[in-house]
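J.: Residue numbers (the numbering used here): 116 to 907. Please read through the structure below; I'll follow up with questions.
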Amino acid sequence: MANLSENDPRNDSIDPGVVLSRDRDLFHLARLAMQKNELDRAGLLIQQAIAICPEQVLYRRALGELLLMRQCHGEALEAFREALSIQPHSAEIHFSMGLAAGGAGDPQQSVDHYAQAVALSPLWPEAWFNFGAMLQHLRRTQAAADAFRKAADLRPDWATAWINLGAVLEQSGQDERAFDCWQRALALDPTNSPAHYNCGMVHQKMGRLDAAIHAYEQALQNDPQMAKAHLNLGICHQQKGVVQAAVHSYRRAIAIQPEYARAWYNLAGALVPLGQWDETIACYEKVIALEPENDAAHLNLAVALRKQERIGEALVYCRKALSITPHFAEAQVYLFQLAQHACDWRQAEQAAPDLDRLSAAQLDSGRKPSESPLLSLRRHADPAKNLAVARAWSGSVNARAMQMSGRPEFDHAPRSGNGVIRVGYISQDFKEHAVAHHLRGLLRAHNRERFRIYLYACNPDDGSYYRQQLARSSPHFVEIHALDDAAGAQRIYNDRIDILVDLMGHTQGCRPEIPALRPAPVQVSYLGFLGTSGAPYIDYCIVDPVVVPPGHIPYYTEKLVFFPECYQVNDDRLAIGDPPYQRRDFGLSEEEVVLCSFNQPYKIDRATFSAWLTILKGASNSVLWLLGQNRTARENLCRAAEAAGVGAERLRFAGALRIDRHLARLQLADLALDTFPYNGGATTSNVLWAGVPLLALMGKHFVSRMSASALMAVGLPELVAHSPVEYIGKALDLVHDPEKRNALRNKLGRLKSDSALFATQRFAARLESAFEKMMTLFNNGLTPQSFSIESE
């Protein structure tokens, strides 16, 4: 707020001629002491002057000013009130009382005094300015805007008045008028950091991210210590997908203001796509230390802990988020997911009805449900429900893409070309990941005379063997993880990609806005997300007749390309580690029948585990070999086994291994048991490639039919069950019949290399035929159509 300056002529409203010499000298000495910040001495001198001449208003005003300097606002108010009793129509005294009342925490009294001040002195810009500031504090935005406008009109060269006028206009939703005020301030003072910052906020709110970044950088050029500008600059970089720049900005904000909770929070979020989980966890812990009731920080800490398989701790923080905000939709959803990862079926079953009601209400009101499409596939073997959730999520993506600042416009005319089709594969899983394991063989098998292959990596280099292999597989390996969505789409368009294959869909870390911008004339969903994308920007989905039977076709928004056998590509040169393992290396006995399932724990529901326990109880010499790096799931599974009368010692747990060593380990098992209703994908093909028979139960949607597709493609349809009873019966039959198990193993050994499941070159040729058909339709001006690829 504006203060009266020492030499303001209004300070001399009392004729010095009426001041007695003695008290006048004391007053001037007091003034000199105040200038030197000798406040105790000044106070004594003023009190002496008042004692000599109690009716002198100038002395009482000086006492009030001294008390303001000492932050004694209540006492200052009393001193000014005494002055006002002597000179009741003084605008200056009302102004000072406005200052004192505001400092004393009485904004309404402050407003009343400033109102008196401007009524008595209507041409006083500082009084109008302070009046506006207190009205703004009381959220009386229109009155505040009027007051700031008056201050600016009276003093047009006062940049701060224009800045504050802009602030109240922005608060009332008048962004463009606010922006004009801040531009006026910058015309007066081009180095005014607050004005640059405020312009940046308007640009950011309107989605003009590049302009916002420029404005924040201008603010920081003039005030490098403006922590909030570093914060918002980081947010803009993060919204553009330039994560490293965002991390740098958040770190700068924290260096300036170490207790800046929002900067810690945003830094944690920016570290997530970089996979820096230790620091992410530390950042969220810092946020919670600063803001113990921050529900979102508790939830996100739970997410980060789950990434480190610290499921028990994650559950604690997720429940805390819900205790802070009981109807926190995202926390309700994540509690269910954590219960799945923990194999805490009681918790999952308790949460499921609330989650069903939440999703139904959100969908009915036209909102994107908190339940993700991937979670919908896990929860519901119902293609109609899966479609509803996926369509809502993709609709949200499409809306964001259409509203994107600087959204590129792409023109896709028919391609005359030279017969070479440019195919781009885009993924965040070009790393040590199942998608990379599958894709390597396909890239090797592509016909490079007819197809030019581009790989667009949305993830940073993890230094893995598979990252290096993929990078070497094509001369067009393009890093786009540091590009924002618009720039990523522009790069794809500039490369003149004919067909963009999205290997992500609705999976974690996906970049759906890139395909939503339509950088390629034909766009295909494949491999990463196993269901309909629900997206208007995806033209085709690669399937087979097992995973998508005729009755399910209406529940896909894409046109479907049916392969004659399994939709899934596999690498027929995937190495199996050598030398082979021995059972004793993993605490297994040669006398035991080893059943295994190396699916993630979230796929193991109560029904699946109950079937497995029935099998174990029916064969006393059998053991069940599972993934075990998730301690909470391991403990819950052991408790469930004990409660069902199966000793926990019959459950054996193994950790993660590199893919070649994992395949070698799998060969020690006698029979693999698949999960249902969410089957194994890569898990199933790995088991079969290792030569181990697998028993599967076929369900009612894509992910519950994947293993059946693989088994039929590899030549083992007899291992597909159609009910839990049949599943258990087939398993017990095999457990008790070693000759039948060996016969199946030998059959698999004979068939797998020539089977459709592992015929990489054949699969590549069929996919290329599909690509050619897609481009023919496009070049002839026809809309996408479903079609089948015929067997040779």
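By construction, the Cβ of each residue, glycine as well, lies at the ideal position given by its N, Cα and C atoms. Quantities reported herein were computed from a predicted structural model and do not represent experimental measurements.
With three or more C-beta pairs closer than 8 Å as the rule, is the segment 834 to 853 touching the segment 663 to 671?
T.: Touching, no, given that fewer than three Cβ pairs across the two stretches are closer than 8 Å.
J.: Report the CB separation of Asn381 from Tyr399 in whole angstroms; it is logged as a contact under 8 Å.
T.: Contact doesn't hold; Cβ gap of about 11 Å is too wide.
J.: When you compare the segment 720 to 737 with the segment 693 to 710, are there three or more beta-carbon pairs, one atom per stretch, that lie closer than 8 Å?
T.: Enough Cβ pairs lie closer than 8 Å, so yes.
J.: Check Gly189 in the structure and name its three-state DSSP category.
T.: Helix at Gly189.
J.: Residues in its own chain within less than 8 Å of Leu135 by CB, not counting five upstream and five downstream?
T.: Residue confidence for Leu135 is low, a pLDDT of 39 falling below 50, so the modelled location carries little weight and cannot support an answer.
J.: Could you name the residues that DSSP lists as bridge partners for Val840?
T.: None; Val840 has no bridge partner.
J.: Just tell me which of Ala302, Ala874, Asp304 and Ala260 has its CA closest to the CA of Cys681.
T.: Measuring from the Cα of Cys681, the nearest candidate turns out to be Ala874.
J.: On the CB-based measure, 16 or more other CB atoms within 10 Å of its CB, does Arg606 come out buried or exposed?
T.: Buried.
J.: From this set, Ala787, Val317, Ser480 and Asn415, which residue's C-alpha is nearest Val387's C-alpha?
T.: For the residues Ala787, Val317, Ser480 and Asn415, the minimum Cα distance to Val387 belongs to Asn415.
J.: Note down, in chain order, each residue of its chain lying with its Cβ closer than 8 Å to the Cβ of Ala148, except the 5 sequence neighbours on either side.
T.: Answer for Ala148: Leu154, Arg156, Ala157 and Leu160, listed in chain order.
J.: Would you report the Cα separation of Leu478 and Tyr671, rounded to the nearest angstrom?
T.: Leu478 and Tyr671: Cα-Cα distance of roughly 18 Å.
J.: Starting from Ile371, trace the alpha helix (DSSP H) both ways and give me its first and last residue.
T.: Taken as a continuous stretch (DSSP letters only), the alpha helix (DSSP H) holding Ile371 covers Val358 to Ile371.
J.: With C-beta atoms as the reference, is Cys573 less than 7 Å away from Arg626?
T.: Yes; because the gap between Cβ atoms is below 7 Å, this pair is in contact.
J.: Is Tyr696 helix, strand or coil when you go by DSSP?
T.: DSSP places Tyr696 in coil when its eight states are reduced to three.
J.: Ignoring anything shorter than 4 residues, give me the alpha helix (DSSP H) runs that lie fully in the segment 146 to 178, in order along the chain.
T.: 154 to 167, all fully within the segment 146 to 178.
J.: Tell me which same chain residues have a C-beta within less than 8 Å of the C-beta of Leu346, skipping the five on either side of it?
T.: Excluding positions up to five away in sequence, the list reads Ser364, Tyr365, Ala368, Tyr375, Arg377, Ala378 and Asn381.
J.: Going straight from the alpha carbon of Glu918 to that of Leu812, what length do you get?
T.: Any question about residue 918 goes unanswered here, given that the chain covers just 116 to 907.
J.: Span of the alpha helix (DSSP H) holding Trp727?
T.: It spans Arg721 to Lys732 - the alpha helix (DSSP H) in which Trp727 sits, taken as one unbroken run.
J.: Give the straight-line distance between the Cα atoms of Trp239 and Ala216, rounded to the nearest whole angstrom.
T.: Trp239 and Ala216: Cα-Cα distance of roughly 19 Å.
J.: Enumerate, from N- to C-terminal direction, the unbroken alpha helix (DSSP H) stretches of 4 or more residues contained entirely within the segment 632 to 668.
T.: None, since the segment 632 to 668 contains no complete alpha helix (DSSP H) of that length.
J.: Count the CB pairs spanning the segment 594 to 602 and the segment 351 to 358 that are closer than 8 Å, and state whether there are at least three.
T.: The segment 594 to 602 vs the segment 351 to 358: in contact.
J.: Sort out for me which residues DSSP pairs Gly539 with in a bridge.
T.: Paired residues: Tyr569 and Leu615.
J.: My assumption, with CB atoms under 8 Å, is that Asn794 sits in contact with Ser819. Please give the rounded CB distance.
T.: Rounded, the Cβ-Cβ distance is 6 Å, consistent with contact.
J.: To which residues of the same chain is Ile403 closer than 8 Å at the C-beta, ignoring the five residues directly before and after it?
T.: Around Ile403: Asn409, Ala412, His413 and Leu416.
J.: Taking all protein chains shown into account, decide if Arg254 is buried (16 or more other Cβ within 10 angstroms of its Cβ) or exposed.
T.: By the 10 Å Cβ count, Arg254 comes out exposed.
J.: In chain order, what residues of the same chain have a beta carbon less than 6 Å from the beta carbon of Leu348, not counting five sequence neighbours either side?
T.: Tyr331 and Ser364.
J.: Count the other CB atoms within 10 Å of the CB of Ala507; is the residue buried (16 or more) or exposed (fewer)?
T.: The residue in question, Ala507, is buried, as its Cβ has 16 or more Cβ neighbours within 10 Å.
J.: Would you say Ser485 and Glu445 are within 7 Å of each other, going by their C-beta atoms?
T.: In contact: Ser485 and Glu445 (Cβ atoms closer than 7 Å).
J.: Within a Cβ cutoff of 6 Å, which residues of the same chain sit near Thr798, ignoring the five residues on either side of it in sequence?
T.: Closer than 6 Å at the Cβ level, and outside the excluded window around Thr798, lie Phe713 and Asn714.
J.: When you compare the CB positions of Thr747 and Ile426, do they come within less than 7 Å of one another, or not?
T.: In contact: Thr747 and Ile426 (Cβ atoms closer than 7 Å).
J.: Using 10 angstroms around the beta-carbon of Asp693, count the other beta-carbons present and answer buried if the total reaches 16, otherwise exposed.
T.: Exposed.
J.: Flag this pair as touching only if the segment 509 to 516 and the segment 539 to 553 have three or more C-beta atom pairs under 8 Å; answer yes or no.
T.: As far as the Cβ criterion goes, the segment 509 to 516 does not touch the segment 539 to 553, which means the pair count is below three.
J.: Alpha carbon to alpha carbon, how far is Ile328 from Gly315?
T.: Answer to the nearest angstrom: the Cα atoms are 7 Å apart.
J.: Verify whether the separation of the beta carbon atoms of Pro839 and Ala726 is less than 7 Å.
T.: Cβ atoms of Pro839 and Ala726: closer than 7 Å.
J.: Could you tell me the alpha carbon to alpha carbon distance between Asn895 and Met889, rounded to whole angstroms?
T.: When rounded, the distance between both Cα atoms is 10 Å.
J.: Alpha carbon to alpha carbon, how far is Pro131 from Phe263?
T.: Note on Pro131: pLDDT 38, under 50, position unreliable in the model; no value is reported.
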